[in-house]
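Residue numbers (our numbering): 69 to 573. For every residue, glycine included, the Cβ atom is placed at its ideal position computed from N, Cα and C.
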Amino acid sequence: MKQTGKILLTVGLMMMAAPAIPSVAQTVLSLEECRSMALQNNGQSKMAQEKVTAAEYDSKTAFANYLPKVSAMGLYLHNGENINLASQDQRNSLSGMGTSLVSGAKNSLMTDPAFISLYMTDATVKNTVDYLIGKMSTADVAGTLNKVGQELSNDLTLDIQNVYVGMISVEEPLYVGGKIRAYNKVTAYAKELAQTQLDGEDQKVLVTVDEAYWQIVSVANKLRLTDQYVELLRQMDRNVEILKQEGLATSSDQLSVRVKLNEAEMSQIKAQNGLALSKMLLCQLCGLPLDSEIMLKDELNETLDIPADEVTYTQEDLYENRTELKSLELAVNMYDMKSKIVRADYLPTVALMGNYLVTNPSAHDGIANEFHGMWNVGVVAKIPVFHFGEGLNKYRRAKSDKIITQYQLEDARGKVSLQASQYEKKIAEADSRLEMALKNMENAEENLRIANIGFKEGVVESQLVLAAQTAWLKAHSEEIDARIDRIMATVYLRQVTGQLSVNDK
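What follows is the structure, encoded as structure tokens:
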């Protein structure tokens, strides 16, 4: 029995001191590497980064309002009818005015009784009249006058069946009630807000990765602990079997050991599955294939080291670094600028305008079917007169939004201060738990040592050894939990104070 006790104690001490050895095919990752990969892979961070890019474009768009706006316009119009400045009867009269004039003159003479009498009795008058009428006919006075009338008729018809218009306009705002300046400030605040939200998303990613990372480390350490515990129980089962054959142990003793062994093996399987699932979660966060063979750097450490540096901050640092508070401060400024934009809608606006216009037909030198251009410059002013209080109510609404956001900011500051104090308390509580866990672990190891010695000497029953082993397992497990809680309490405090970054540990 003495020899059996020595074997049990030797195996237990060897298992407790054996560190984990990574497989050759496994990739060893540090916490910093996991954080960097997660930041690059996280979808929320990518969307937040794209919002920063979009805010930059909005800022450039707002600045463009200071610059002149140039626009061009082209128009082609086909009309079914021309424009006639005279009626059809008037145009017909003009076209035949020569014939009408000659015929009218002859008819007027021949219908006058006095002239007819003179024409019939005086040969000189008759010869003169016949000579003039002959000359008019020979010279085609009627045709000439008809041609002139036709040209006048054509000039009174404007050809607008095909109309071409082209225009280039330039507009430069001179005064728009401060809207452009306020809009530029809004976009600048929006850009800063998008960057702040990106920082906030990065902080959340870092915390999520840390939780997954240290969860794996915790499960891996507990798995090693369970492996040691299972091996202890298997060795004890073999020892009890030997003692039973010698008549120094009963079947009940052996059954108790095997029940404990079965429970431990079941816990071992659960720990193995939990470790595999935890690593799959970390791989998903880091953008790695879920079946990747990874080993964490802190899995290889026999003892989980707790960072020695303390998180120090002032109240001003807390308000300045916390992304939620910075977002609310920017929102207050944005609402202030938006109220000025609303007010600008009901203030006078002045703009300088310039145009260059090309048309065909053109009226530069009479109506002609040819291209001709002209330019003009001017100042446009718009003064709102009365809108039944619409502008005033919109302005008051915008001011109310600003006041509401200010109240939210004040409330958030109080909550953030309380949250920081709570995590400071949790760090102190985690320190106390760790100190107690270390003491309990020392007591459990001493108790197991004494139980092994007593079992070796034959003065301690196997049930007491089993209880000592169980207490040893629980004490070591609590020590692992206390270290992980202490590490995560520091991480949470860094997040609350806005000091968490990739290289922090």
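When DSSP labels each residue in this structure, what does alanine 539 get in the three-state scheme?
Reading the sequence shown from its first residue, position 471 is the one you call residue 539. Of the three classes helix, strand and coil, the one that applies to alanine 539 here is helix, per DSSP.
Below 8 Å on the Cβ atoms is my contact criterion, and I expect aspartate 373 with glutamine 336 to pass it. Report the Cβ-Cβ distance as a whole number of Å.
Indexing the sequence shown from 1 puts residue 373 at position 305. Indexing the sequence shown from 1 puts residue 336 at position 268. Contact doesn't hold; Cβ gap of about 26 Å is too wide.
Out of Asn150, Met405, Gln322 and Arg465, which one is the CA nearest neighbour of glycine 246?
Position 178 of the sequence shown, counted from the start, is the residue given in the question as residue 246. Ranking Asn150, Met405, Gln322 and Arg465 by Cα distance to glycine 246 puts Met405 first.
Cβ-based neighbour list, alanine 557, same chain, cut-off 7 Å, excluding 5 preceding and 5 following
As a first step, residue 557 must be located in the sequence shown, where it is residue number 489. So the qualifying residues of the chain are Tyr491, Lys494, Ile495 and Ala498.
What would DSSP say about histidine 455, mapped onto helix, strand or coil?
Sequence index remark: in the sequence shown, residue 455 carries index 387 (1-based). Histidine 455 falls in the coil class under three-state DSSP.
Pull up the CB-CB distance for alanine 480 and leucine 396, whole angstroms please, since I reckon it's below 8 Å.
The residue given as residue 480 occupies position 412 in the sequence shown. The residue given as residue 396 occupies position 328 in the sequence shown. Their Cβ separation, rounded to whole angstroms, is 6 Å, which keeps alanine 480 and leucine 396 in contact under 8 Å.
Based on Cα-Cα distance, which residue from Tyr134, Glu458, Arg306 and Gln474 lies nearest to leucine 242?
Translated into the one-based positions of the sequence shown, residue 242 becomes position 174. Checked all of Tyr134, Glu458, Arg306 and Gln474; the closest Cα to leucine 242 is Tyr134.
May I ask you to list the residues that DSSP assigns as paired with leucine 143?
On the sequence shown, residue 143 is found 75 positions in, with the first residue counted as 1. According to DSSP, residue pairing for leucine 143 in a beta bridge involves Val233.
Would you give the residue range spanned by the beta strand (DSSP E) that leucine 364 belongs to?
Within the sequence shown, numbered from 1, the residue matching residue 364 stands at position 296. Note, leucine 364: beta strand (DSSP E), 362 to 364.
Three-way DSSP call (helix, strand, coil) for glycine 566 in this model
By 1-based counting over the sequence shown, the position of residue 566 is 498. Coil, per DSSP.
Sort Phe439, Ala250 and Glu260 by Cα distance to leucine 398 and report the nearest one.
Numbered from its first residue, the sequence shown carries residue 398 at position 330. Of the candidates Phe439, Ala250 and Glu260, the one whose C-alpha sits nearest the C-alpha of leucine 398 is Glu260.
Look at the alpha carbon of methionine 442 and the alpha carbon of serine 127, and state the distance between them as a whole number of angstroms.
As a position in the sequence shown, residue 442 is number 374, starting the count at 1. As a position in the sequence shown, residue 127 is number 59, starting the count at 1. Whole-angstrom Cα-Cα distance: 37 Å.
Put lysine 462 into one of helix, strand or coil per three-state DSSP.
On the sequence shown, position 394 is the one that residue 462 refers to. Note: lysine 462 maps to helix in three-state DSSP.
Please state the DSSP three-state secondary structure of leucine 77.
Counting from 1 along the sequence shown, the entry for residue 77 is found at position 9. Low local confidence applies: a pLDDT of 35 at leucine 77 is under 50, so the model's placement there is unreliable, with the coordinate-based value given in what follows. Taken through DSSP and simplified to helix, strand or coil, leucine 77 comes out as helix.
Short CB-CB distance (under 8 Å) between glutamate 388 and chain C:
The displayed structure is made up of one protein chain only, and chain C is not part of it.
Quick check on the burial criterion: 16 or more other C-beta atoms within 10 angstroms. Buried or exposed for valine 92?
Translated into positions along the sequence shown, residue 92 becomes position 24. Unreliable positioning characterises valine 92 in this predicted model, as indicated by a pLDDT of 43, which lies under 50. The coordinate reading is nonetheless provided below. The residue in question, valine 92, is exposed, as its Cβ has fewer than 16 Cβ neighbours within 10 Å.
Check whether the region 306 to 322 and the region 347 to 357 touch, using three or more Cβ-Cβ pairs below 8 Å as the test.
The answer is no - the region 347 to 357 does not touch the region 306 to 322, with fewer than three Cβ pairs under 8 Å.
Drop a sphere of 10 angstroms on the beta-carbon of aspartate 433, count the other beta-carbons inside from all chains shown, and report buried for 16 or more, exposed for fewer.
As a working note, residue 433 is residue 365 in the sequence shown. Label assigned to aspartate 433: exposed.
Starting from tyrosine 297, trace the alpha helix (DSSP H) in both directions and tell me its first and last residue.
To locate residue 297, count along the sequence shown from 1; it is residue 229. Run containing tyrosine 297: 247 to 313, per the alpha helix (DSSP H) assignment.
Could you check which residue in Tyr414, Glu331 and Lys272 has the C-alpha nearest to that of leucine 460?
Here the question's residue 460 lines up with position 392 in the sequence shown. Closest option to leucine 460, Cα to Cα, is Tyr414.
From what residue to what residue does the alpha helix (DSSP H) around threonine 121 run?
Translated into positions along the sequence shown, residue 121 becomes position 53. First-last of the alpha helix (DSSP H) with threonine 121: 111 to 131.
Could you tell me whether the region 362 to 372 touches the region 95 to 102, where touching means 3 or more Cβ pairs closer than 8 Å?
Counting C-beta pairs closer than 8 Å gives three or more between the region 362 to 372 and the region 95 to 102, which meets the contact rule.
Taking the straight line between their C-alpha atoms, what separation do you get for alanine 317 and tryptophan 540?
Taking the sequence shown and counting its residues from 1, one reaches residue 317 at position 249. Taking the sequence shown and counting its residues from 1, one reaches residue 540 at position 472. Straight-line Cα distance between these residues: approximately 23 Å.
Tell me glycine 434's beta-bridge partners as DSSP assigns them.
As a first step, residue 434 must be located in the sequence shown, where it is residue number 366. Checking the DSSP bridge columns, you'll see glycine 434 partnered with His432.
Looking only at its own chain, which residues have a Cβ that is under 6 Å from the Cβ of cysteine 351, when we skip the five neighbours before and after it?
Position 283 of the sequence shown holds residue 351. Once the five neighbours on either side are set aside, the close Cβ partners of cysteine 351 are Leu358 and Ser360.
Whole-angstrom Cβ separation of asparagine 444 and serine 237, contact assumed at under 8 Å?
Indexing the sequence shown from 1 puts residue 444 at position 376. Indexing the sequence shown from 1 puts residue 237 at position 169. 10 Å between Cβ atoms; not a contact.
Three or more C-beta pairs closer than 8 Å, one from the region 98 to 112 and one from the region 262 to 280: is that the case here?
In this structure the region 98 to 112 touches the region 262 to 280; the number of beta carbon pairs closer than 8 Å is three or more.
Since alanine 419 sits in a beta bridge, which residues does DSSP pair it with?
For the purposes of this step, residue 419 is taken as the residue at position 351 of the sequence shown. Answer by DSSP bridge pairing, in chain order: Pro241 and Val448.
Quick one: using the 10 Å Cβ neighbour count with 16 as the cut-off for buried, is isoleucine 89 buried or exposed?
Here residue 89 refers to the residue found at position 21 of the sequence shown. Residue placement at isoleucine 89 is flagged as unreliable, the pLDDT there being 43, under the threshold of 50; the coordinate-derived value follows with that caveat. Residue environment analysis places isoleucine 89 among the exposed positions, since fewer than 16 neighbouring C-beta atoms fall within 10 angstroms of its C-beta.
Going by beta carbon distance, what residues of the same chain come within less than 7 Å of arginine 551, once the five residues before and after it are set aside?
What you label residue 551 is simply residue 483 of the sequence shown in a count that begins at 1. Hits under 7 Å: Leu372, Ile374 and Leu502.
Using only the alpha-carbon positions, how far apart do glycine 315 and leucine 345 sit?
If you number the sequence shown from 1, residue 315 lands on position 247. If you number the sequence shown from 1, residue 345 lands on position 277. Spanning the two alpha carbons is a distance of roughly 46 Å.
Determine the DSSP secondary structure at leucine 316, reduced to helix, strand or coil.
Stepping through the sequence shown from its first residue, residue 316 is reached at position 248. In the structure shown, leucine 316 sits in coil (DSSP, three-state: anything other than H, G, I, E or B).
How big is the Cα-Cα spacing for valine 418 and alanine 488?
Taking the first residue of the sequence shown as 1, we reach residue 418 at position 350. Taking the first residue of the sequence shown as 1, we reach residue 488 at position 420. Going by the C-alpha atoms only, they are around 53 Å apart.
Nearest candidate by alpha-carbon position, reference glutamate 392, set Gln283, Asn289 and Thr264
Residue 392 sits at position 324 when you count from the first residue of the sequence shown. Considering only alpha carbons, the answer is Thr264.
Limits of the alpha helix (DSSP H) - the one that leucine 398 falls within:
As a first step, residue 398 must be located in the sequence shown, where it is residue number 330. That run of the alpha helix (DSSP H) goes 391 to 412.
Within 8 Å, strictly: CB atoms of leucine 343 and valine 287:
As a working note, residue 343 is residue 275 in the sequence shown. As a working note, residue 287 is residue 219 in the sequence shown. Taking 8 Å as the Cβ cut-off, leucine 343 and valine 287 qualify as a contacting pair.
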